[in-house]
Amino acid sequence: MTTANGNLNDSDVLDRATPLNDSDVLDRATPLNGKVALVTGGSRGIGAATAVRLAREGAHVAVTYVRGKEAAEEVVRAVEALGRRGVALRADAGDAGEAAGAVGLAAEALGGLDVLVNNAGVGVLGPLESLPLAEVDRVLAVNVRGVFLTSRAAAARMGRGGRIITVGTCMTQRVPEPGGTLYAMSKSALVGLTKALARELGGRGISANIVHPGPIDTDLNPADGPYAAGQAGMTALGRFGTVAEVAGMVAYLAGAEYVTGAEFSVDGGYAA
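Residue 23 is where the sequence shown starts when you use the working numbering, and the numbers rise one by one after that.
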C-alpha cells in the first residue's frame, strides 16, 4: 500500500518486482487450458481460424462441417499439432436434430463443453421480391433456428464460466446496398437472442456475446475478388479484415469474465 505522502513502500515495490512463476506464465499463455470448445462451421474461413486460435490458447476443440470433411479433418490435425484434442463432426445446422445433437457429440468426445462458437451460417443475397420461399426457410433454419437450438443444448451442459459466442455480421448495423434483406434479418435475430441469453444464463455464470465481422478475406469473399474494392472502400481502414482478426476477438470473449450481452464489431469501421 502507499504511505501517507503517496509514495510506494517497500512491500509495494517487492510485490511489483516479484517475478511470475512457471504456472503463472503458463496460465497467461494458455487462458483456456483444459477447456472444451465447439465451433460450428469450423472447416473453413473464420470457423477454422477460430478453432485453431482456441486450441493455441489451451482448449480442446470440436468442429462441425456439412460437406467439407477433409477440410474439417485438416483443422483437427492443426488442433492436435498444438497438443490439444480435436474432433470433426458432421452436422447440418439447418437440421434441428443435428444442430442440437452436435453439442452432445462434442461433449461426449472431449469430456464436456465450456465454449460454444455459433459460426455456421449461410448467406443468400438478392432482391426481396425474387427470393424463393425455400431459400428464406433455409436461411432462417441455419442462421436462426440452428443457433437457438445449439445454444440451448450447450447451455444445458455448461457450468459456471460457460461461454456462448455467436458470429453475426456488420450488416446488422449497416446495409449499404439493396439485396441484403434476408441475410441481415436472420443475423439481426441473433442480436436479440444474444442479449436474452445473457440475461437468462447470467445467474448461472454463463456469458453470451456476439461478434460482427465486416468484409473478411475468405475463399467465399476474397480480398482480390470482383467486389472487393467496393467493400474495402466502405470501411474506415480501407481494407479487408483477416480471419485471424475475427478469431482473436472470439478468443478474447472465450476468456473474458465480466463481459456479456454485448456486440463487438470487427469490421474496420464498416459501420462507423
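We put the CB at the ideal spot given by N, CA and C, even for glycine. Quantities reported herein were computed from a predicted structural model and do not represent experimental measurements.
Short Cβ contact (8 Å threshold) for Val233 with Ile187: For the purposes of this step, residue 233 is taken as the residue at position 211 of the sequence shown. For the purposes of this step, residue 187 is taken as the residue at position 165 of the sequence shown. Yes, Cβ-Cβ distance for Val233 and Ile187 is below 8 Å.
Under 8 Å between C-beta atoms of Cys192 and Tyr292: As a first step, residue 192 must be located in the sequence shown, where it is residue number 170. As a first step, residue 292 must be located in the sequence shown, where it is residue number 270. Yes; because the gap between Cβ atoms is below 8 Å, this pair is in contact.
Leu259 vs Val139 beta-carbon contact at 8 Å: In the sequence shown, the residue the question calls residue 259 occupies position 237. In the sequence shown, the residue the question calls residue 139 occupies position 117. Between Leu259 and Val139, the CB-CB gap reaches or exceeds 8 Å.
Element boundaries [alpha helix (DSSP H), containing Phe170]: Residue 170 sits at position 148 when you count from the first residue of the sequence shown. Where Phe170 is concerned, the enclosing alpha helix (DSSP H) stretches over Gly168 to Arg179.
The region 58-74 touching the region 132-147, judged by at least three CB pairs closer than 8 Å: The region 58-74 makes contact with the region 132-147; the number of CB pairs closer than 8 Å reaches 3 or more.
Where Tyr205 falls: helix, strand or coil (DSSP): Along the sequence shown, one-based indexing puts residue 205 at 183. In this structure, DSSP gives Tyr205 a helical state, which the three-state scheme calls helix.
Spatial neighbours of Pro198 in its chain, beta-carbon cut-off 7 Å, leaving aside the 5 residues before and after: The residue labelled residue 198 in the question sits at position 176 within the sequence shown. If we look at Pro198 and ignore the five residues flanking it on each side, its Cβ neighbours are Met256.
Residues of its chain near Thr194, where Cβ-Cβ distance is below 7 Å and the 5 sequence neighbours each way are ignored: As a working note, residue 194 is residue 172 in the sequence shown. Excluding sequence neighbours, Thr194 sits near Ala206, Lys209, Ser210, Val213 and His234.
Three-state secondary structure (DSSP) of Val137: To locate residue 137, count along the sequence shown from 1; it is residue 115. Looking at Val137 - three-state DSSP - the assignment turns out to be strand.
CA nearest to the CA of Met180, picked from Arg78, Gly148 and Val137: In the sequence shown, residue 180 corresponds to position 158, counting from 1. Comparing Cα positions, the closest option is Val137.
Spatial distance of Leu54 from Ala276 (CA atoms): Translated into positions along the sequence shown, residue 54 becomes position 32. Translated into positions along the sequence shown, residue 276 becomes position 254. Going by the C-alpha atoms only, they are around 8 Å apart.
beta-carbon Pro248 near the ligand HEM non-hydrogen atom, thresh 7 Å: Within the structure as shown, the ligand HEM is missing, as the structure has no ligands at all.
Proximity below 8 Å, CB of Gly236 to CB of Gly263: Within the sequence shown, numbered from 1, the residue matching residue 236 stands at position 214. Within the sequence shown, numbered from 1, the residue matching residue 263 stands at position 241. Using a Cβ distance threshold of 8 Å, Gly236 and Gly263 count as a contacting pair.
Alpha-carbon to alpha-carbon, Ala230 and Phe286: Counting from 1 along the sequence shown, the entry for residue 286 is found at position 264. Counting from 1 along the sequence shown, the entry for residue 230 is found at position 208. Here the C-alpha atom of Phe286 lies approximately 12 Å from the C-alpha atom of Ala230.
Identity of the residues DSSP links to Ala240 by a beta bridge: Taking the sequence shown and counting its residues from 1, the one referred to as residue 240 is at position 218. Correcting the residue type first, residue 240 is Thr in the shown sequence and not Ala. In the DSSP output, where bridge partners are listed per residue, Thr240 has none listed.
Helix, strand or coil at Arg78 according to DSSP, with G and I counted as helix: The sequence position of residue 78 within the sequence shown is 56, counting from 1. Note: Arg78 maps to helix in three-state DSSP.
DSSP-derived helix/strand/coil call for Asp46: As a first step, residue 46 must be located in the sequence shown, where it is residue number 24. Unreliable placement is indicated for Asp46, whose pLDDT of 48 sits below 50; the coordinate value is still reported in the next sentence. DSSP places Asp46 in helix when its eight states are reduced to three.
From Asp289, Ala278, Glu279 and Val281, residue whose alpha carbon lies closest to that of Arg261: Residue 261 sits at position 239 when you count from the first residue of the sequence shown. The closest CA to that of Arg261, considering only Asp289, Ala278, Glu279 and Val281, is found on Asp289.
Residue burial classification, Ser173 (beta-carbon count within 10 angstroms, cutoff 16): Translated into the one-based positions of the sequence shown, residue 173 becomes position 151. With a threshold of 16 other beta carbon atoms within 10 Å, Ser173 meets it and is buried.
Per-residue burial, Tyr87 [other beta carbons within 10 Å of its own, 16 or more giving buried]: To locate residue 87, count along the sequence shown from 1; it is residue 65. By the 16-neighbour rule on beta-carbons within 10 angstroms, Tyr87 is buried.
Local conformation of Asn55 per DSSP, three classes: For this step, residue 55 is matched to residue 33 along the sequence shown. DSSP places Asn55 in coil when its eight states are reduced to three.
Same chain, Cβ closer than 7 Å to Leu147, neighbours up to 5 away in sequence not counted: Along the sequence shown, one-based indexing puts residue 147 at 125. These residues qualify, in order along the chain: Gly201, Gly202 and Tyr205.
DSSP state of Ser65 mapped onto helix, strand, coil: For the purposes of this step, residue 65 is taken as the residue at position 43 of the sequence shown. Reduced to three states, the DSSP call for Ser65 is coil.
Cutoff 8 Å; reference Val268; Cβ partners in own chain excluding five residues on either side: The sequence position of residue 268 within the sequence shown is 246, counting from 1. Within the same chain, Ile68, Ala71, Thr72, Val189, Val233, Pro235, Ile238 and Val288 come within 8 Å of Val268 by CB-CB distance, once the 5 residues on both sides are set aside.
Integer Cβ distance of Ala110 from Glu120, believed to fall under 8 Å: Working through the sequence shown from its first residue, we reach residue 110 at position 88. Working through the sequence shown from its first residue, we reach residue 120 at position 98. Wrong, their Cβ atoms sit about 14 Å apart, outside the cutoff.
Residue burial classification, Lys91 (beta-carbon count within 10 angstroms, cutoff 16): Residue mapping note: residue 91 aligns to position 69 of the sequence shown, counting from 1. Within a 10 Å sphere around the beta-carbon of Lys91 sit fewer than 16 other beta-carbons, which makes this residue exposed.
Same chain, Cβ closer than 7 Å to Ala131, five either side skipped, listed in chain order: For the purposes of this step, residue 131 is identified with residue 109 of the sequence shown, where counting begins at 1. So the list reads Ala84 and Val109, once near-sequence residues are dropped.
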